[in-house]
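J.: Take this structure, written in structure tokens, and hold onto it; I'll ask about it next.
In this note's numbering, the protein residues as written are 291 to 1301.
Shown next, in the form of structure tokens:
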């Protein structure tokens, strides 16, 4: 039979678990237990907990039943409720009124009855009417009565806040929402100032206010402040379906600033939330925001594009039939606007006015803002970072307060009224100040185009390449580019990128006759772009005989240099040391380059070159440029510069129409790259800048290469802001040209620079944008690197969900690549994140998976497996409640025994002590037993841990074991034994070297409690 203790334990567990449907279900079961037991106190307590769980867990409408039960009990037996429970009823009552108003199936009369009951309830307890007027203002808006809402807000401002009021971050939301609906943009912004400046916060603030104020910021001429509010708040709300209404404001904002790509990405990510809307009004808001994004997508010509995800069927608030993922954007737009209009009509019918529908139609018809950020090079694409925000107004007052001198406040002013010069009373808006402490304290980071004090670089002469229709066109354009020295033009990059991202080429064996090796070289270039180096090398080896047949040994040399370049890059990506192979690679490179240089000398000495000789010189020159890149990677500066000089000789011998661009620009940029990457950063950057400033408009290829060089060089010397500026411009060029994977690489560099500058929010946003592009093209190797960076950024930001998500994705890709050891590391990262999220069962499973990836053929693999298993056992018992932890003790013991067996056969070496390892095992076992309440068993393991650690004189670890021993005795009430353990710590760490050690501070706290 269920006991009172069972119910209290269930409530404690649910409280620790956090809000959500699972928690609500557990508490609902506890309610049935309490009813069966007939315990009146528990019947009240469980229903209070259930009401709270429903309201906080995105199921607020379900809270009405347990709330009504408790309210009825209170009205009949007030003595059954203690003071804390009565205060909780006050909160639950105001939430109940809001729930009723937000759902048109609740009649207007019923809503009014609830309002009257709320006032009576608050007055009977002597509470301030501040909450009552606030709720009435909010409900008036839901009833379409904006004049009444304004009057109630005035009364709300003129009453004192008390313990029943929302926090200082949430309370002003009523006024922001009113100003949003009535388009009083300055009032909305002024009311939101404390949230925008970080002066207030709680579990849902400032992100909720930042979301609501996006349109007011934009409409009041503050696009930079709106962008910052969007970035900061969306990151906080994106994992919580309860934030659906906030998401609606973000979608509206993105549509109105023309960010269709981002808007569609976020819409697709959250479409499933529609079925979880906690009220009809939330659903209406979401449909409005989604409709605007779809409208803008249709407007820019994407109407026939598939929606890409299903719209779930739902009928809680309105019968949504759902949509298939194949539904076009145009049809989805028509359907969603229709759903929104019909739902708004239900509000109108309930309310007896058309206010809700009128607001919806104004929103759906609102034009995009011309001043929205996001345009560069006239092509409408740009990487936006956080810039200094525009000036904010003075914060608007939202409640009655006493002046600092003790004088009574000006109630007329608080009511929103002020006398004009004629003595007439009129509404007023908050005044704007020229400066404020909050505004001056905002972070100001403006990414400049170049270092302060220098002239800006010339404009980029960028024309977006024409689309590639099919594989044959891609190959023929590639062949045309291969006819010129320095073929890496913007169109060349674009063609390679199109092949890399669209899989345009025909299968092997079905190439265009006569263009077989060209097709293979293009395919390998595309694979290189996707960082699929092994595949690229294999493809070139396949067509090596064909190009050798066309050009003789020169063709083979060219292929071998390209493959050597890929080998070096592959090692760098896989983080493999190249020290052992550097000399061999340098010898191979210099040998190949020497033979190519000899052929160039023979060709340029020919008095009259035939077409075949010219083609050979072009190929030799491009091979030498590849060779110069290889030599640069191998830090052979002089040899690389020498190769470039030979390219210059070759270029002089061929007609200028066989030059991709001006050869002096191409070669000098190549020289700049050699200098900068081989240690002469100053002269390399100087030369790159000089090249970029030679013309009134710089070519996009030179601009991109120069920006990249300056960015890398700035990173090397710690000038992160300059690196950010350069990488940002490089990314802008690639995005504007529509060169996806090159843009990904640029964004990756930018994200890394932002992280190095500790601008983690911007880094995460940039890297996530890059990841979305990489995933869209199926470039898993690039995605892997981005997942790893995002996991690292998540750690810096304390975003455990992001750490878990990206670590797991990285581990999956690494396992597919056969990199088991590194995959295990990322599984451990994910496990730690799960542990920090209080998901101990998942954490234990992930540690177990990491253990299973260890190579037990080696001693180190055996040790690492044992240690990962011990972490799994610890995680398993680190549960939310002691009974839950105890329930998993037997399983934890089994895992610990498995861990012990894993390293049992590892022999001692100079750097390894088996005694220390077994001591560490006992330390973990002591913790597991303590965590499960088995203190008496844990004592012997503490002693064994101490002995093991001291085998190597590891006093630091040994002190940890003694601290646990002191804790165990103290918790068991064994004062003398606990003090003795404390004395052992002091004796162990008695040397001055250990002064301030954490163990000494811990035993001091134990001794203090035992006095």
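Note that beta-carbon positions come from the ideal geometry of N, C-alpha and C, so glycine has one too.
Using the C-alpha atoms, what's the distance from residue 827 back to residue 1108?
T.: As a working mapping, residue 1108 is identified with position 818 in the chain shown. As a working mapping, residue 827 is identified with position 537 in the chain shown. Residue 1108 and residue 827: Cα-Cα distance of roughly 19 angstroms.
J.: Hey, could you find the ends of the alpha helix (DSSP H) residue 472 is sitting in?
T.: By 1-based counting over the chain shown, the position of residue 472 is 182. Note, residue 472: alpha helix (DSSP H), 463–472.
J.: To the nearest angstrom, how far is the alpha carbon of residue 455 from that of residue 375?
T.: Within the chain shown, the letter at position 165 stands for residue 455. Within the chain shown, the letter at position 85 stands for residue 375. Cα to Cα, the separation comes out at about 16 angstroms.
J.: Is residue 1212 closer than 8 angstroms to residue 1235 when the C-beta atoms are compared?
T.: In the chain shown, the residue the question calls residue 1235 occupies position 945. In the chain shown, the residue the question calls residue 1212 occupies position 922. A contact, by the Cβ cut-off of 8 angstroms.
J.: Which whole-angstrom value is the C-beta distance of residue 985 and residue 748, which I expect to be below 8 angstroms?
T.: As a first step, residue 985 is located in the chain shown; it is residue number 695 there, counting from the start. As a first step, residue 748 is located in the chain shown; it is residue number 458 there, counting from the start. Contact flag correct, Cβ pair sits at about 6 angstroms.
J.: Assign residue 1285 to one of three DSSP states: helix, strand, or coil.
T.: If you number the chain shown from 1, residue 1285 lands on position 995. Residue 1285 falls in the coil class under three-state DSSP.
J.: Out of curiosity, what's the CA-to-CA distance linking residue 394 and residue 602?
T.: Sequence index remark: in the chain shown, residue 394 carries index 104 (1-based). Sequence index remark: in the chain shown, residue 602 carries index 312 (1-based). Computed Cα separation, rounded: 22 angstroms.
J.: In chain order, which alpha helix (DSSP H) runs of at least 4 residues are fully inside the region 932–984?
T.: List check, alpha helix (DSSP H) in window: 953–967, 971–982.
J.: Along the chain, where does the alpha helix (DSSP H) containing residue 1272 start, and where does it finish?
T.: As a working note, residue 1272 is residue 982 in the chain shown. First-last of the alpha helix (DSSP H) with residue 1272: 1265–1278.
J.: Between residue 1176 and the rest of its own chain, which residues show a CB-CB distance below 7 angstroms, the 5 nearest in sequence each way excluded?
T.: Your numbering for residue 1176 matches position 886 in the chain shown. Cβ neighbours of residue 1176 beyond the five flanking positions: 1222, 1223.
J.: Are the Cβ atoms of residue 355 and residue 569 separated by less than 8 angstroms?
T.: To locate residue 355, count along the chain shown from 1; it is residue 65. To locate residue 569, count along the chain shown from 1; it is residue 279. No, the pair does not count as a contact, with Cβ atoms beyond the cut-off.
J.: Tell me, which residues are paired with residue 987 by DSSP?
T.: Here the question's residue 987 lines up with position 697 in the chain shown. In DSSP, residue 987 forms a bridge with 749.
J.: Per DSSP, what are the beta-bridge partners of residue 604 in this structure?
T.: For the purposes of this step, residue 604 is identified with residue 314 of the chain shown, where counting begins at 1. For residue 604, which the question treats as bridged, DSSP gives the partners 610.
J.: Comparing C-alpha positions only, which one of 363, 474, 518 sits nearest to residue 1052?
T.: Locating residue 1052 in the chain shown gives position 762, counting from the first residue. Residue 518 is the option with its Cα nearest to residue 1052.
J.: Are residue 1079 and residue 1041 close, meaning C-beta to C-beta below 8 angstroms?
T.: Indexing the chain shown from 1 puts residue 1079 at position 789. Indexing the chain shown from 1 puts residue 1041 at position 751. Yes, these two residues count as a Cβ contact at 8 angstroms.
J.: Assuming residue 273 and residue 1015 make a contact with CB atoms under 8 angstroms, what is their CB distance in whole Å?
T.: As shown, the chain starts at 291 and ends at 1301. That puts residue 273 outside it, with no answer to give.
J.: How far does the alpha helix (DSSP H) with residue 517 in it reach, from first residue to last?
T.: For the purposes of this step, residue 517 is identified with residue 227 of the chain shown, where counting begins at 1. Note, residue 517: alpha helix (DSSP H), 513–527.
J.: My understanding is that residue 334 touches residue 383, with C-beta atoms under 8 angstroms, so please give their C-beta distance in whole angstroms.
T.: As a working note, residue 334 is residue 44 in the chain shown. As a working note, residue 383 is residue 93 in the chain shown. Residue 334 to residue 383, Cβ: 15 angstroms. No contact.
J.: Run the CB neighbour count on residue 453, radius 10 Å, all protein chains shown included, and call it buried at 16 or more, exposed below.
T.: Residue mapping note: residue 453 aligns to position 163 of the chain shown, counting from 1. Flag for residue 453 reads exposed.
J.: With distances taken Cα to Cα, identify the nearest neighbour of residue 484 among 498, 1098, 555.
T.: Sequence index remark: in the chain shown, residue 484 carries index 194 (1-based). Minimum Cα distance to residue 484 is reached at 498.
J.: Contact check, residue 469 vs residue 513 under 8 angstroms by CB: the rounded distance?
T.: As a first step, residue 469 must be located in the chain shown, where it is residue number 179. As a first step, residue 513 must be located in the chain shown, where it is residue number 223. With a Cβ gap of about 19 angstroms, residue 469 and residue 513 do not count as contacting.
J.: Do residue 981 and residue 1011 count as a contact pair if the criterion is CB distance below 8 angstroms?
T.: Your numbering for residue 1011 matches position 721 in the chain shown. Your numbering for residue 981 matches position 691 in the chain shown. Cβ atoms of residue 1011 and residue 981: not closer than 8 angstroms.
J.: By a C-beta neighbour count over all protein chains shown, 10 Å radius and 16 as the cutoff for buried, is residue 961 buried or exposed?
T.: The residue given as residue 961 occupies position 671 in the chain shown. Buried: at least 16 other Cβ atoms inside 10 Å.
J.: If I measure Cβ to Cβ from residue 600 and keep anything under 7 angstroms in the same chain, skipping five residues before and after, which residues do I get?
T.: To locate residue 600, count along the chain shown from 1; it is residue 310. Excluding residues within five positions, the ones whose Cβ falls inside 7 angstroms are 612, 613, 614, 615.
J.: Got a sec? Which residues, its chain only, sit under 7 angstroms from residue 567 by beta carbon, not counting five neighbours each side?
T.: Here the question's residue 567 lines up with position 277 in the chain shown. If we look at residue 567 and ignore the five residues flanking it on each side, its Cβ neighbours are 534, 573, 576, 607.
J.: Are residue 1189 and residue 555 close, meaning C-beta to C-beta below 8 angstroms?
T.: Translated into positions along the chain shown, residue 1189 becomes position 899. Translated into positions along the chain shown, residue 555 becomes position 265. The answer is no: Cβ separation not under 8 angstroms.
J.: Tell me which same chain residues have a C-beta within less than 8 angstroms of the C-beta of residue 638, skipping the five on either side of it?
T.: For the purposes of this step, residue 638 is taken as residue 348 along the chain shown, with counting starting at 1. Once the five neighbours on either side are set aside, the close Cβ partners of residue 638 are 434, 644, 645, 646, 647.
J.: Could you compute how far the alpha carbon of residue 286 sits from the alpha carbon of residue 1027?
T.: No answer is possible for residue 286: it lies beyond the span of the chain, which begins at 291 and ends at 1301.
J.: Could you spell out where the alpha helix (DSSP H) holding residue 1029 opens and where it closes?
T.: Here residue 1029 refers to the residue found at position 739 when the chain shown is read from its first residue. From DSSP, residue 1029 is part of no alpha helix (DSSP H); its letter is neither H nor E.
J.: Please go through the same chain and pick out, in chain order, the residues whose beta-carbon is closer than 7 angstroms to the beta-carbon of residue 427, but skip the five residues on each side of it.
T.: As a position in the chain shown, residue 427 is number 137, starting the count at 1. Hits under 7 angstroms: 439, 442, 443, 446, 464, 468.
J.: Does DSSP classify residue 740 as helix, strand or coil?
T.: Position 450 of the chain shown, counted from the first residue, corresponds to residue 740. Note that residue 740 scores a pLDDT of 40, beneath 50, so its modelled location is shaky; the value from the coordinates is reported in the next line. It is coil, neither helix nor strand.
J.: At 4 residues or longer, what runs of the alpha helix (DSSP H) sit wholly inside the region 380–419?
T.: Runs of the alpha helix (DSSP H) inside the region 380–419: 398–414.
J.: In or out: residue 1086 buried (at least 16 other Cβ within 10 Å) or exposed?
T.: One-based indexing of the chain shown puts residue 1086 at position 796. With fewer than 16 other Cβ atoms within 10 Å, it is exposed.
J.: Kindly indicate which three-state DSSP category residue 802 falls into: helix, strand or coil?
T.: Sequence index remark: in the chain shown, residue 802 carries index 512 (1-based). Coil.
J.: Locate the alpha helix (DSSP H) running through residue 506, then write down its first and last residues.
T.: Translated into positions along the chain shown, residue 506 becomes position 216. 504–509 is the span of the alpha helix (DSSP H), which, as asked, contains residue 506.
J.: What does residue 1199 pair with, by DSSP beta-bridge criteria?
T.: On the chain shown, residue 1199 is found 909 positions in, with the first residue counted as 1. According to DSSP, which records beta bridges pairwise, residue 1199 is partnered with 1202.
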